[in-house]
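First up is the structure itself, then whatever we jot down about it.
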Amino acid sequence: MNNQQSQQRFISWVIVGLMDFVTVIGFDDIIYNFQNQGLVAVFTWVVMTVLYVIPYNLIVAHMGSQFEDRGGGITSWMRAVNGDKVGYFAAWFYWITGLPYVVDVANSVVISLGWIITGNGDIQSHLGNAWFGILTAVIFVGFIWFQHLFKNRSLEILSTIGGGAMFLMTILFVVMTFAGLTSGKPIATHPFNLHAFLPKHFDFRFLATFGLFVFAMNGSEIAAPYTKDMKHPSRDFPKALKMIAIMTMFLTLFGTFSLGVYFNAHHLPNDLKMNGSYYAFQAIGRQYGMGNVLMYIFAAVQGIYMLAQLAVILDASTRIFLGDVAKQYMPKQLTKLTSDGLPINGYWLTTAICGIIMALAGMLPQINDIFNWLLNLNGIVSPASTLFLFWAYIMVRKHNEQYHGGDYVYLKHRWAGLTVGWWMFGITALLAVLGFFPVDAVFGTGKWTMEMILNIGVTAGMIVLGFLMPWVAKRQAAARGGIAFGKGTWYTLTGVMLVVLIGLTSWGLVESLLPASMGLLRWLVVLAVDAVIFVVVWGMTKDGRTQVSSYQD
Numbered sequence: 001m002n003n004q005q006s007q008q009r010f011i012s013w014v015i016v017g018l019m020d021f022v023t024v025i026g027f028d029d030i031i032y033n034f035q036n037q038g039l040v041a042v043f044t045w046v047v048m049t050v051l052y053v054i055p056y057n058l059i060v061a062h063m064g065s066q067f068e069d070r071g072g073g074i075t076s077w078m079r080a081v082n083g084d085k086v087g088y089f090a091a092w093f094y095w096i097t098g099l100p101y102v103v104d105v106a107n108s109v110v111i112s113l114g115w116i117i118t119g120n121g122d123i124q125s126h127l128g129n130a131w132f133g134i135l136t137a138v139i140f141v142g143f144i145w146f147q148h149l150f151k152n153r154s155l156e157i158l159s160t161i162g163g164g165a166m167f168l169m170t171i172l173f174v175v176m177t178f179a180g181l182t183s184g185k186p187i188a189t190h191p192f193n194l195h196a197f198l199p200k201h202f203d204f205r206f207l208a209t210f211g212l213f214v215f216a217m218n219g220s221e222i223a224a225p226y227t228k229d230m231k232h233p234s235r236d237f238p239k240a241l242k243m244i245a246i247m248t249m250f251l252t253l254f255g256t257f258s259l260g261v262y263f264n265a266h267h268l269p270n271d272l273k274m275n276g277s278y279y280a281f282q283a284i285g286r287q288y289g290m291g292n293v294l295m296y297i298f299a300a301v302q303g304i305y306m307l308a309q310l311a312v313i314l315d316a317s318t319r320i321f322l323g324d325v326a327k328q329y330m331p332k333q334l335t336k337l338t339s340d341g342l343p344i345n346g347y348w349l350t351t352a353i354c355g356i357i358m359a360l361a362g363m364l365p366q367i368n369d370i371f372n373w374l375l376n377l378n379g380i381v382s383p384a385s386t387l388f389l390f391w392a393y394i395m396v397r398k399h400n401e402q403y404h405g406g407d408y409v410y411l412k413h414r415w416a417g418l419t420v421g422w423w424m425f426g427i428t429a430l431l432a433v434l435g436f437f438p439v440d441a442v443f444g445t446g447k448w449t450m451e452m453i454l455n456i457g458v459t460a461g462m463i464v465l466g467f468l469m470p471w472v473a474k475r476q477a478a479a480r481g482g483i484a485f486g487k488g489t490w491y492t493l494t495g496v497m498l499v500v501l502i503g504l505t506s507w508g509l510v511e512s513l514l515p516a517s518m519g520l521l522r523w524l525v526v527l528a529v530d531a532v533i534f535v536v537v538w539g540m541t542k543d544g545r546t547q548v549s550s551y552q553d
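The working numbering puts the first residue of the sequence shown at 1, with every later residue one more than the last.
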């Protein structure tokens with residue numbers, strides 16, 4: 001055993017931190033929230049860092065240290081505290097809610113290639129919606145089907161290059177900004193004082209943008225499956241999480257400040273979320289007489305960074321979904337592995353779902369609208385999937401006497417741990433629901449209505465699919481020959497799908513039925529959905545297992 005351990009190659013905590021960093025934060029995340037809030041985003045980043053990012057990462061560190069020998073991340077944690085069925089739902093929702101981001105990342109790769117080839121961000125006139133969708137599909141399908149070629153060593157190299165280069169580019173941008181300020185370079189935003197960084201009002205739209213901050217900051221738990229590849233996971237994994245927290249704070253605070261120097265925060269380009277990063281490096285390069293050199297360098301770094309994200313997300317999410325989930329809740333086809341251990345039908349499912357999401361996005365008028373909608377959809381589903389993490393932490397702290405392993409403990413007092421756990425769960429649920437309301441479209445317009453319908457429809461589809469899987473598996477187990485459905489059922493399902501497609505083509509009729517003003521109805525929707533979330537979580541876990549002895553791998 002000692003010989004085997006000495007021959008095993010371990011991943012250092014620095015490498016795990018960089019692998020995780022590419023999935024947590026990037027320069028684009030600063031751009032997205034800068035367009036939503038302007039300079040006020042600095043205030044929000046500070047608040048979110050103190051009240052969300054730090055406890056979030058330390059909760060992940062606590063859970064990773066507690067369950068250092070579990071290979072499924074959130075799936076393992078939920079199985080440990082609530083049993084196999086809840087572990088399955090955690091695995092499913094965590095996996096499927098990452099797919100919109102997979103499509104979004106693939107979009108970003110196409111955009112970076114567009115800047116490298118054409119030198120500008122006018123991708124609409126060069127491609128149009130159809131070719132944009134086709135190229136995006138080629139990229140994410142290629143990575144889905146070839147990710148098994150990216151063994152751990154390749155992932156480490158790609159993530160180290162991508163994450164390290166992106167961090168260095170951000171540092172370069174910040175340093176050059178402050179150097180320009182000291183030499184008297186002009187500031188685009190006026191006034192540029194303390195008052196400009198403080199929110200003027202806390203209205204509904206302002207609060208609806210917070211879901212994208214959560215999306216920008218969460219994801220550190222995706223590194224949990226790699227704890228088994230670390231030499232001292234319970235000691236080193238928290239180090240990786242603390243490194244990520246520090247890098248995130250630097251990136252967000254100084255990055256947003258620097259953007260206010262080069263962009264007028266009161267009059268921002270409409271396509272800032274899609275092209276803002278390139279505009280930023282283009283502006284700073286021209287200010288220093290370098291032309292578009294920095295823009296081209298950033299475009300190359302962005303492409304590598306996004307490819308690293310695709311590789312890590314697809315690899316880690318597959319580990320979480322299939323590495324530690326109870327097979328009795330999954331249709332037997334999805335548990336099939338090739339001789340190389342490749343979950344081939346799982347990749348077919350991933351391809352189909354990503355294709356549907358991309359097709360639905362194509363119903364929006366412009367590429368910029370497609371990019372913004374996919375991004376904002378992540379501000380809903382990504383925080384929602386994170387609720388499983390906080391629930392698992394709450395259960396562990398609730399039963400402190402049973403879960404006392406691990407070298408790292410976040411908040412030694414049980415009551416403090418429970419208080420922070422419930423705070424993180426509650427605020428995340430609220431911000432996820434607020435994210436349903438579009439922030440990049442004017443209320444009452446057709447685009448706003450379409451985005452609202454897509455937000456509700458795609459999210460509902462993810463939930464329905466999650467509950468269908470155990471039902472299909474149960475029918476397979478009970479049916480002779482393992483066939484879940486006969487021809488009649490398939491004909492019925494096909495008919496329903498046709499009706500849905502026809503309904504989508506006539507979505508404009510729905511717009512005429514909406515009231516002219518929603519008023520307090522928005523908040524009633526928020527409260528109603530939060531109540532549903534609470535009931536669902538309670539119903540799923542009230543009969544769950546809480547004894548350590550009942551957990552089985």
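Ideal Cβ placement from N, Cα and C applies to all residues, glycine included.
Every alpha helix (DSSP H) of 4 residues or more that sits fully in the stretch 182-229 is shown, in chain order, as 204-208 and 210-217.
The DSSP-derived three-state label of Ala359 is helix. Taking 8 Å as the cut-off, the Cβ atoms of Glu221 and Val60 count as close. Out of Ile54, Gly362 and Glu401, the CA that lies nearest to the CA of Glu451 is found in Gly362.
Secondary structure at Thr445: coil, using DSSP grouped into helix, strand and coil. Around Asn400, the same chain offers Arg414 as residues with beta carbons nearer than 7 Å, after the five sequence neighbours per side are excluded. Distance from the Cα of Leu364 is smallest, within the candidate group Pro331, Trp422, Gly466 and Asn129, for Asn129. The straight-line gap separating the alpha-carbon atoms of Ser12 and Leu51 is approximately 29 Å. When secondary structure is reduced to three states using DSSP, Asn57 falls in the helix class. For Asp440, same chain residues with a beta-carbon under 6 Å away, outside a window of 5 residues either side, are Asn372 in chain order. Of the other Cβ atoms in all chains shown, fewer than 16 fall within 10 Å of the Cβ of Ile483; this residue is therefore exposed. Straight-line measurement puts the Cα of Phe390 at about 28 Å from the Cα of Ala473. Residue environment for Asp122: exposed (fewer than 16 other C-beta atoms within 10 angstroms of its C-beta).
CA-CA distance, Leu272 to Tyr262, rounds to 12 Å.
The beta carbons of Met395 and Tyr56 sit about 17 Å from each other, so the pair does not count as a contact at 8 Å.
In this structure Ala300 touches Ile116 by the C-beta definition: roughly 7 Å separates them, less than 8 Å. Assigned with DSSP and collapsed to three states, Gln402 falls in coil, not helix or strand. If you draw a straight line from the Cα of Lys336 to the Cα of Leu468, it is about 18 Å long. Around Leu294, the same chain offers Phe281, Ile284 and Gly285 as residues with beta carbons nearer than 7 Å, after the five sequence neighbours per side are excluded.
Shortest Cα-Cα distance from Asp28 to any of Gly444, Thr256 and Phe436 involves Thr256. DSSP places Asp407 in the coil class of the three-state scheme, outside both helix and strand. Taking all protein chains in view, the Cβ of Val420 is crowded by 16 or more other Cβ atoms within 10 Å, so the residue is classified as buried. Per DSSP, reduced to three states, the secondary structure at Lys273 is helical. Rounded to the nearest whole angstrom, the C-alpha separation of Leu99 and Leu374 is 10 Å. Boundaries of the alpha helix (DSSP H) harbouring Lys85: Asp84 to Ile96, taken from the DSSP string.
Within its own chain, the residues whose Cβ lies closer than 8 Å to the Cβ of Trp448, once the five positions on either side in sequence are excluded, are Pro438, Ala441 and Val442, listed in chain order. Pairing Cys354 with Val102, the inter-Cα distance amounts to about 8 Å. Judged by beta-carbon spacing, Phe89 lies within the 8 Å limit of Gly466, meaning their Cβ atoms are closer than that value. Taking C-beta atoms as the reference points, Val46 and Ala245 fail to come closer than 8 Å.
Taking each of Val174, Ser65 and Gln37 in turn and checking the Cα distance to Tyr410, the smallest one comes out for Ser65. Taken through DSSP and simplified to helix, strand or coil, Asn264 comes out as coil. Assignment of His126 by DSSP, reduced to helix, strand and coil, places it in the helix class. Using a 10 angstroms sphere on the CB of His404, the tally of other CB atoms stays under 16, which defines it as exposed. With a 10 Å radius around the Cβ and a threshold of 16 neighbouring Cβ atoms, Ser112 comes out buried.
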